[in-house]
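So the sequence shown is numbered by this note's numbering: it starts at 5 and just counts up by one.
One structure below.
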Amino acid sequence: MLGGAVLVDIMVFAGQADVMFTSYVPLPAHPLYYLGIIIFAVGAILAVVTFFATVIMAKVEGRYTGSVPLVTFGLVVAAIIAIVTLVGGALTFIPALFWSLGLMNLDPEVYRLNFWSIGHPSQQINLTAMVSVWYLLATLTTGAKPLNEKLSRFAFLLYIIFINLGSVHHLLTDGGISIPFKIFNTSYAMYLAVLGSMIHAFSIPGAVEVALRKKGFSNGIFEWLRKAPWGEPGFSSLILSMFIFGFIGGTTGVIMGHEQLNIINHNTLRIPAHFHATVVGGTTLAFMGLTYYVFPIIFRREIVGKQWAKIQPYLYGIGMFIFIAGMMQAGAYGAPRRVPDISYAGAPIPVEFSGLTYAMLGLMGIGALLAVAGGVIYVSIAVLSLLFGKRVEAT
5 MLGGAVLVDI MVFAGQADVM FTSYVPLPAH PLYYLGIIIF AVGAILAVVT
55 FFATVIMAKV EGRYTGSVPL VTFGLVVAAI IAIVTLVGGA LTFIPALFWS
105 LGLMNLDPEV YRLNFWSIGH PSQQINLTAM VSVWYLLATL TTGAKPLNEK
155 LSRFAFLLYI IFINLGSVHH LLTDGGISIP FKIFNTSYAM YLAVLGSMIH
205 AFSIPGAVEV ALRKKGFSNG IFEWLRKAPW GEPGFSSLIL SMFIFGFIGG
255 TTGVIMGHEQ LNIINHNTLR IPAHFHATVV GGTTLAFMGL TYYVFPIIFR
305 REIVGKQWAK IQPYLYGIGM FIFIAGMMQA GAYGAPRRVP DISYAGAPIP
355 VEFSGLTYAM LGLMGIGALL AVAGGVIYVS IAVLSLLFGK RVEAT
């Protein structure tokens, strides 16, 4: 994976692959660019195969009975989605490699359709793993157990069947795909994946509430919430991640993935705002929170700077919220994406934005500074814990 990523970067920085993320045919890139992506994908497949082998060996060794635990089940679902995604990548980039070598012709329409079988589902791997981490953090911080584990497993299964279909919203202006196909995939099919997310959105907070009420925090409607372990970095990461991903990233994803609204939003800053709410805000924050618990297990080191660890998720999460809100509103006022200069300086036809647009961009900058500060604290804690954390004896 590292070798493939380095090869891709070399081609990009050498000016041999200025085709952007989508790499749309017939825009050409150097063959080594496509080869780098393929090598990276092969490494990713090996990682997924290793994960499946580990789960199977755990069953053989009797480490669990019956079905795998719910968290592992969610990760198995993520791995299945990863395999589907990587197969889509093979169908996309292996022909592109041969096309770049002049060995075959490649239909741009077929390429675009195949590309989005990897381009969008790549995020769904993170999403499914993140939801699994949510269940784990809820258990580690409050002792929560799923209210209905079978229903939670069913919600994960909905991801396998439906979650990748919404990627068609990237092809809504493509004239080669039928209107019924576009409407079905960006509405009915996508809503079934949303159903899975809604089940998780009620199951996890509900499980946390039940667990805390069992501990005696049962006076009134919200005592359990007031007295929740807000000082635990895993709990604050869980709540902030669910809010940023679920209520901002999730809702905007459903809205922007819908056929009519997608046309309006697709080339504005509202789209990268959605990206930041899902990947940078929700997923990254959940993984950050998990780090504080797996470090002592994997590296046998105590966390250095525990007081800083308590404030780090808040600093990063609040910063990301401000950043996302500023970017989202700037896009609503017309700020475009995928351009080097939103003011189009020097363009023959002048472009003007309202003062609110620039005010929102300024707000975005403030949020970015806070989030970067939170990120620096996180990296510092991780590195210092790895190098200087007190040794934890195996039990």
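Each residue gets a CB set at the ideal place from its N, CA and C atoms; glycine is no exception.
What you are looking at is a predicted structure, and each value in this text was computed from that prediction instead of being measured.
**Report entry** Local conformation of T272 per DSSP, three classes
**Finding:** In the structure shown, T272 sits in a strand (DSSP, three-state: E or B).
Query - Endpoints, alpha helix (DSSP H) assigned at L131 - result: Counting along the chain, the alpha helix (DSSP H) containing L131 begins and ends at 125 to 146.
Query - Beta-carbon contacts of L196 that lie in its chain and below 8 Å, excluding the five residues immediately before and after - result: L162, I165, F166
**Report entry** Coil, strand or helix - P150 by DSSP
**Finding:** coil
Query - Helix, strand or coil at R395 according to DSSP, with G and I counted as helix - result: strand
Query raised in the report: So A21 packs on A33, CB below 8 Å; how close in whole Å?
Result: 4 Å
Report task. Return the CA-CA distance between T361 and E65, expressed in angstroms with no decimal places. Result -> 59 Å
Query raised in the report: At which residue ranges does the segment 84 to 126 contain complete alpha helix (DSSP H) runs of 4 or more residues, listed in the order of the chain?
Result: 112 to 123
Report task. Closer than 8 Å by C-beta to L151: which residues in its own chain qualify, once you throw out the five before and the five after it? Chain order, please. Result -> S207, G210, A211, V214
Query raised in the report: Less than 9 Å separating the beta-carbons of L175 and R116?
Result: yes
**Report entry** Per-residue DSSP class, three states only, for P237
**Finding:** helix
Query - C-beta contact flag for H280 and F327 at 9 Å - result: yes
Query raised in the report: Does the pairing of the segment 305 to 322 with the segment 376 to 395 give three or more beta-carbon distances under 8 Å?
Result: yes
Query raised in the report: Mind pulling the alpha helix (DSSP H) runs of 4 or more residues that sit fully within the segment 280 to 333?
Result: 288 to 302
Query raised in the report: When the Cα of L294 is compared with those of T272, F239, T282, which residue comes out closest?
Result: Ranking T272, F239, T282 by Cα distance to L294 puts F239 first.
Requested in this report: Tell me whether P344 sits in a helix, a strand or coil according to DSSP, three-state version.
Outcome: coil
Query - Sufficient close CB pairs (3 or more, under 8 Å) joining the segment 340 to 351 to the segment 248 to 258 - result: no
Query raised in the report: Within this structure, are the beta carbons of T89 and I129 separated by less than 9 Å?
Result: yes
**Report entry** C-alpha distance - A329 paired with I60, whole-angstrom precision
**Finding:** 44 Å
Requested in this report: Look at S182 and W120 and say whether their C-beta atoms are less than 9 Å apart.
Outcome: no
Report task. Can you grab the Cα-Cα spacing for the pair A86 / F97, in whole Å? Result -> 16 Å
Query raised in the report: Closest to V137 by CA distance: which of V298, I49, M5, V396 is it?
Result: V298
Report task. Report yes or no: do the segment 240 to 252 and the segment 284 to 293 share at least 3 C-beta pairs separated by less than 8 Å? Result -> yes
Report task. Please go through the same chain and pick out, in chain order, the residues whose beta-carbon is closer than 6 Å to the beta-carbon of S389, but skip the five residues on each side of it. Result -> F299, R305, I307, V308
Report task. Mind checking which residues open and close the alpha helix (DSSP H) that includes Y28? Result -> Where Y28 is concerned, there is no enclosing alpha helix (DSSP H), given that its DSSP letter is neither H nor E.
Report task. Have a look at A57, Y296, G123 and flag the residue whose alpha-carbon is nearest the alpha-carbon of I315. Result -> Y296
Report task. Look at the Cβ atom of I248, then the Cβ atom of G335, and state whether they are nearer than 9 Å. Result -> No, the pair does not count as a contact, with Cβ atoms beyond the cut-off.
Requested in this report: Pull up the distance between the alpha-carbon of E153 and that of L229, whole angstroms please.
Outcome: 23 Å
Report task. Consult DSSP for M5 and reduce its assignment to one of helix, strand or coil. Result -> M5: coil per DSSP, three-state reduction.
Query raised in the report: Can you give the Cα-Cα distance for N223 and I84, rounded to whole angstroms?
Result: 43 Å
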